[in-house]
Each structure stands twice: as structure tokens, then as C-alpha cells.
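Read through the structure below, which is laid out as C-alpha cells, and then see the notes.
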Amino acid sequence: MGRGGPAHPVRSGCVSTVIAFVDTNILVRHLTGDPPDMAERATRLLSSGNDLLLADLVVAEAIRSLLPFEAVACVDPALLLRAVEVYEVDRIDFAEAYLVACAETTGVGRVVSFDRSTDRVDTVERVEPT
């Protein structure tokens, strides 16, 4: 997730300003407000201005954790869960995993891409532009 963005903070030598990695439970507490005490503390941390690192896997895990909440509505929860599954199992970027899930659920079955990582998923065909 996050290809093409700024340099990776750990690899680019900026790690000294990072205070910690953020766990999924911090995001879930902040987003759901439950339980209130933990939610308040999580929100305070996220609003503190401290440099925190958010790992791709945590974002995927947060998606999986948030979908069961009745207060969280989603256009296509099955699609998101499939994207998380492809991300976790096939170890491809979340954007590619989401495209794979879209190609599967729509019946299109193909993704046009130069990114060969989708070749790891045998349920869709990757096609390169000619």
C-alpha cells in the first residue's frame, strides 16, 4: 500500500523521529469509540503530533476488525474481506489485492498492469498493454 509516496521513513533514515508503530487496536478504538476510555486515549495519541508508523498489515487487519461493527457501513464488505485475504495470503500490495478482488467478484477476471505481483494470484489473469 503506499507505493509512489514519499520515501519510506525507516529506510530513509528518519526513524529517529518515529516514536512507535501503531497497532490495530489503537485504530479500532479511535474509530469505534469503544470502550470510551480506550477510545479517548487512542484519539489523544493519534492527535498528539507524534510521528507514528502505520504498517500495511495493520491497515488490512483494521479493515477486517471494523467490518463486523453494526455502526460501520460498507458498500461491499465481502469485496473488502476478499481484498484483505488476497493481501495477506498472496503478499501483494493492498491496491493490487483490491483490484484482484474486483476482477473476481465482477467476473471480469483480468487486471491490466505492469506489476507482476498479481501473477501470484491464480484466480485472475494479468495482462500487460501491448
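Okay, so the sequence shown: first residue is 3 according to this note's numbering, each after it adds one.
Where is the CB? At the ideal position from N, CA and C, for every residue including glycine.
Q. Residue range of the alpha helix (DSSP H) that arginine 112 falls in?
A. Unbroken run through arginine 112 is the beta strand (DSSP E), 112 to 114; no alpha helix (DSSP H).
Q) Per DSSP, what kind of secondary structure is glutamate 130 in: helix, strand or coil? A) Three-state DSSP puts glutamate 130 in coil, outside helix and strand.
**Q.** Residues near valine 129 in its chain [Cβ-Cβ closer than 6 angstroms; skip 5 each side]
**A.** Correct list, in chain order: Arg112, Val114.
Q. Rounded to whole angstroms, how far is the Cβ of leucine 59 from the Cβ of isoleucine 21, which I believe are closer than 8 angstroms?
A. So it is not a contact: roughly 19 angstroms between Cβ atoms.
Q) In terms of residues, what are the limits of the beta strand (DSSP E) holding aspartate 25? A) No beta strand (DSSP E) contains aspartate 25, which DSSP labels as neither H nor E.
Q: Enumerate in chain order the residues of its own chain whose CB-to-CB distance from cysteine 137 is below 7 angstroms, with the five nearest sequence positions on each side excluded.
A: This structure cannot speak to residue 137, because the chain is shown only from 3 to 132.
Q) Is glutamate 72 buried or exposed, if buried means 16 or more other CB atoms sit within 10 Å of its CB? A) Exposed, by the Cβ-count rule.
Q) In chain order, what residues of the same chain lie with their CB nearer than 6 angstroms to the CB of proline 38, ignoring the 5 residues before and after it? A) Contacts found: none.
Q.
Quick check on DSSP: helix, strand or coil for alanine 69?
A. It should be noted that the sequence gives leucine, not alanine, for residue 69. Leucine 69 sits in coil when the DSSP states are folded into three classes, being neither helix nor strand.
**Q.** Simplified DSSP state of aspartate 58, which is helix, strand or coil
**A.** In this structure, DSSP gives aspartate 58 a helical state, which the three-state scheme calls helix.
Q) Which value, in whole angstroms, describes the spacing of the CA atoms of isoleucine 65 and alanine 57? A) Cα-Cα distance, rounded: 13 angstroms.
Q: Flag this pair as yes or no: are the beta carbons of arginine 96 and alanine 62 separated by less than 8 angstroms?
A: The sequence as given places phenylalanine at residue 96; arginine does not occur at that position. Going by C-beta atoms, phenylalanine 96 is nearer than 8 angstroms to alanine 62.
Q.
DSSP three-state label for valine 123, please.
A. Looking at valine 123 - three-state DSSP - the assignment turns out to be coil, as it is neither helix nor strand.
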